[in-house]
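Letter by letter, the sequence shown follows residues 0 to 204 in numbering that gives the first Met the number 0.
Ideal Cβ placement from N, Cα and C applies to all residues, glycine included.
So the structure is just underneath, and the comments pick up after that.
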Amino acid sequence: MSFSVMLTGVGGEGVLTTGVLLARAANLDNYYVRGVQLHGLAQRGGTIPTFVRFGKENEVYSPAIMQTDADLILAFEPLEAIRATYYASKKKTTFVINDSPYMPIYGNLMKLSYPTKKEVLKRISPFSRDVFMFKASEMGEKQFGKTLFGNIIILGFAVGHGLLPLSKEAIRKAIKATVPRSVDLNLKAFESGIKYGKGIEKIID
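The following block contains the structure:
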């Protein structure tokens, strides 16, 4: 079995950190792991696609995800979810999207309108088997004081809903290794996401 996860968002949303955490968890579950991150645009509020692929060594040849080949896309911003459809397919890809819009700088300068939630879902639908979209950043701020905890809530949701084939214990250990300064809150955010994901058929709040 091989499994391909794409994480995407903009600079400052913790995409790279979450990607490292996910790769560590897969390694702790004894998977062969490959991945790649795009760093350059992070400082400019640009797109940061991050790929994490894991499975048996003879199944994971490349760190990059090919077109239409993502199993799971974790999008920390709605517009970035639309851009990620290049890697998605109707038959296999599930999206988990943080409903926390961030208007690109050039969009503000040119006074462009941001797509509505309905428009976002319409554009993603032809490329997704399933979509879950909820206000993870808002949940993180309300429950734990910072919007960045929304990333861990999304990760917990994916585990709780059975979308990510990694053990809870491996992710807990990866959280401790990756974000030691706020480990207790991150662990609580992870458990909150698991709880939110369990028993849910559809979330588009």
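For valine 4, DSSP records a beta bridge to Val51 and Leu71. The C-beta separation of leucine 78 from proline 114 comes to about 7 Å, placing the pair in contact by the 8 Å criterion. Rounded to whole angstroms, phenylalanine 53 and phenylalanine 2 show a C-alpha spacing of 5 Å. In this structure, the straight-line span from the alpha carbon of glycine 161 to that of glycine 155 is close to 10 Å. With distances taken between CA atoms, leucine 73 lies nearest to Ala135 out of Ala135, Lys187 and Lys197. By a beta-carbon distance limit of 8 Å, phenylalanine 126 contacts alanine 87. Their separation comes to about 4 Å.
Rounded to whole angstroms, the separation of the alpha carbons of leucine 184 and valine 119 is 31 Å.
Per DSSP, tyrosine 31 is one residue of the beta strand (DSSP E) stretching across 31-36. For the pair methionine 5 and phenylalanine 50, the CB atoms are nearer than the 8 Å cut-off. Excluding residues up to 5 positions away in sequence, Pro114, Val119, Arg122 and Ile123 lie with their Cβ nearer than 8 Å to the Cβ of isoleucine 81 in the same chain.
In this structure, DSSP gives valine 178 a state outside helix and strand, which the three-state scheme calls coil. Around the beta-carbon of glutamate 76, 16 or more other beta-carbon atoms lie within 10 Å, marking it buried. Going by DSSP, phenylalanine 131 is part of the beta strand (DSSP E) stretching over 129-133. DSSP places asparagine 26 in the helix class (H, G or I) of the three-state scheme.
In this structure, the alpha-carbon of glutamine 142 lies about 16 Å from that of aspartate 98. Excluding the 5 residues flanking it on each side, tyrosine 85 has same chain C-beta neighbours closer than 7 Å at Gln66, in chain order.
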